[in-house]
Each structure stands twice: as C-alpha cells, then as structure tokens.
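Residues in the sequence shown are numbered from 1 upward in steps of one, following this note's numbering. In what follows, a structure is listed as structure tokens, so that the remarks can point back to it.
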Amino acid sequence: MPSYRDLEVYQEGYRLALEIHQLTLGFPDIERYALADQMRRASKSIAANIVEGYGRQTQRNFAHFLGQALGSADEMLVHVDFAQDLGYIGAEQHLELVDRYTVLGKRLYRLMQTQQQQT
1 MPSYRDLEVY
11 QEGYRLALEI
21 HQLTLGFPDI
31 ERYALADQMR
41 RASKSIAANI
51 VEGYGRQTQR
61 NFAHFLGQAL
71 GSADEMLVHV
81 DFAQDLGYIG
91 AEQHLELVDR
101 YTVLGKRLYR
111 LMQTQQQQT
C-alpha cells in the first residue's frame, strides 16, 4: 500500500517547510512571533494537510484537504513577498521560492482535480 510519503507534493511541501523554518531563523527578533511564525505555520500546513487528507482514505476528503494545502501554498506567496519587501530575503531567493510555491500549487490543484473527478 502506498504512503503519503510517496506523493511528490508531500515531499516538496515538506522540503519547503524545512527550508522556510531554517530561513526564518535568520529574521530579526521583532519578527519571531509575526512574519516568521506565520511563514512557518503556513509552510508546515501544506504537508500536514496532505497527510491528514490522505489519512481520511476517501477521495472526496483527500480533495478537500488538498484544497486546504493549496490555500496555504498561496498564502506563502504573500509571505515571501513581504519577506523580500522588508529586506529579509534577496530578489534571487524570492524568485526561487515564488517559483517553487507556484509549481507546488499547480501540482496540488491537479491532484485535487483528479481526486474530485474520481468521486
């Protein structure tokens, strides 16, 4: 039986969450409970929602939680913009993160659509 760990969207979401956690450790102390915390929560929410939906073992529930994960991926795009505009990350890192979250969002959307069509 396959595992949620086999899903590429989970793997990328998890990798990104780890990277965001490490990245935000370098943010100023004033952001510890603000932007840094929001970024950590949203990035971790992607992988967590994929796992929760997968564990529900129905395509309809899985699609619902994939939608939640997609919302968190979209939320991360805004947080990454704030991080760049506030000078916490550079333009190159910003573009890389935007690209990766955009691709992840597209993959989540396609998987969600597949699950909804199978119900």
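C-beta: ideal position from N, C-alpha, C; glycine also. Quantities reported herein were computed from a predicted structural model and do not represent experimental measurements.
Residue i and residue j closer than 8 Å at C-beta
i   : j    : result
L66 : G53  : yes
R5  : T24  : no
A73 : Q116 : no
Assigned exposure category for residue i - 16 Cβ within 10 Å defines buried
i    : result
G105 : buried
Q118 : exposed
T58  : exposed
L18  : exposed
Range of the contiguous alpha helix (DSSP H) that encloses residue i
i    : result
P54  : Looking at the sequence provided, one finds Tyr at residue 54 rather than Pro. Element bounds for Y54: L35 to R56.
Q110 : Residue 110 is actually Arg in this sequence, not Gln. Here the alpha helix (DSSP H) through R110 covers A91 to Q117.
F82  : Q59 to D85
E19  : E8 to T24
Are the region 44-51 and the region 7-18 touching, with three or more C-beta to C-beta distances below 8 Å? yes
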